[in-house]
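J.: Handing you a structure now.
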Amino acid sequence: MTRIAVPLLIVLAVLIGLSTHMVVNCGDEDDPDICAAVIGFSPLRGSLIAFAYEGRGRIALRRGDFRRAIADFDEAIHLNPNRASLYRDRALARRQNGDLELAIEDYDEAIAHDPKHAAPYHQRGLALAATGDLDRAILSYNTAVRLDPSDAQARLDRGLAFLARGQLDDARADFEAALALPPGKDVRTREAARAKLAELASAEPTRLTTPRR
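Residue numbers (the UniProt record's numbering): 1 to 213.
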């Protein structure tokens, strides 16, 4: 190997490394044009360029452009159909766009690819509850809570589903469990659980003193 060839190989390796970094991380910026440039000009293709579509989709999702996000996640999944996170991201975009049944299908796919991750079970429960299917929503929340017992939001959401079904004792147990968890960043969740417990407490005397007919 000549003396000139070695530096050229080093430069080529550096350029490939930089290109890979840009492809994988372009979504960290809040400028979709960066991901668009990567998609248009990166020498990397195939499943690797799926990261750039994913990144641009996440930017669109953060900006509330759900149709743009869905289109980018469609392309990312086409290029790399085995990543659970892509289905979770598209499911969120579909749920925010009001496409609940399609979102549920995507959560099912995410779970099939990564059954040990709690988040898609929780999020699928939200989508199911929004369709009015509280039975399946609660089953999905059950798995989310089992996989991540420290998730106060999952406890709260399951409690709300129990409350909607009239299962007051189960709802109360979930609200109390959400409050019993160590305080973290979930301040609003704890406040919501406390408010629901107060509502249940204020309704309890009425239920107890209602005369029998």
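C-beta: ideal position from N, C-alpha, C; glycine also.
Just to confirm the assignment, what range does the alpha helix (DSSP H) spanning residue 148 have?
T.: No alpha helix (DSSP H) contains residue 148, which DSSP labels as neither H nor E.
J.: Mind checking whether residue 79 and residue 123 have CB atoms under 9 Å apart?
T.: Contact: no.
J.: CA-CA distance, residue 192 and residue 82?
T.: Looking at the two C-alpha atoms, the distance is approximately 37 Å.
J.: Taking all protein chains shown into account, do 16 or more other C-beta atoms lie within 10 angstroms of the C-beta of residue 150, making it buried, or fewer, making it exposed?
T.: Residue 150 is exposed by the Cβ-count criterion.
J.: Just the Cα atoms here: how many angstroms apart are residue 137 and residue 95?
T.: Spanning the two alpha carbons is a distance of roughly 15 Å.
J.: Where does the unbroken alpha helix (DSSP H) through residue 186 begin, and where does it stop?
T.: Per DSSP, residue 186 belongs to no alpha helix (DSSP H) and is neither H nor E.
J.: Once DSSP output is grouped into helix, strand and coil, what is the label at residue 118?
T.: Of the three classes helix, strand and coil, the one that applies to residue 118 here is coil, per DSSP.
J.: Applying the criterion that 16 or more other CB atoms from any shown protein chain within 10 Å of the CB defines a buried residue, is residue 216 buried or exposed?
T.: Past the boundaries of the shown model lies residue 216; the chain is included only from 1 to 213, so the question cannot be answered.
J.: Would you mind listing the alpha helix (DSSP H) stretches within the UniProt repeat "TPR" (84-117) that are 4+ residues and don't spill past its ends, in chain order?
T.: If we require 4 residues or more, the alpha helix (DSSP H) runs fully inside the UniProt repeat "TPR" (84-117) come out as 84-96, 100-113.
J.: Does DSSP put residue 142 in a helix, a strand or coil?
T.: Reduced to three states, the DSSP call for residue 142 is helix.
J.: Buried or exposed, going by whether 16 or more other CB atoms sit within 10 Å of the CB of residue 109?
T.: The residue is buried, with at least 16 neighbouring Cβ atoms inside 10 Å.
J.: Grouping DSSP H, G and I as helix and E and B as strand, with all else coil, what is residue 167?
T.: The answer is coil: DSSP assigns residue 167 none of H, G, I, E or B.
J.: What is the DSSP secondary structure of residue 55, reduced to helix, strand or coil?
T.: Three-state DSSP puts residue 55 in a helix.
J.: Here's the rule: buried if 16 or more other CB atoms are within 10 angstroms of the residue's CB, otherwise exposed. What is residue 188?
T.: Burial call: exposed.
J.: Based on Cα-Cα distance, which residue from 66, 147, 113, 195 lies nearest to residue 160?
T.: It is 195.
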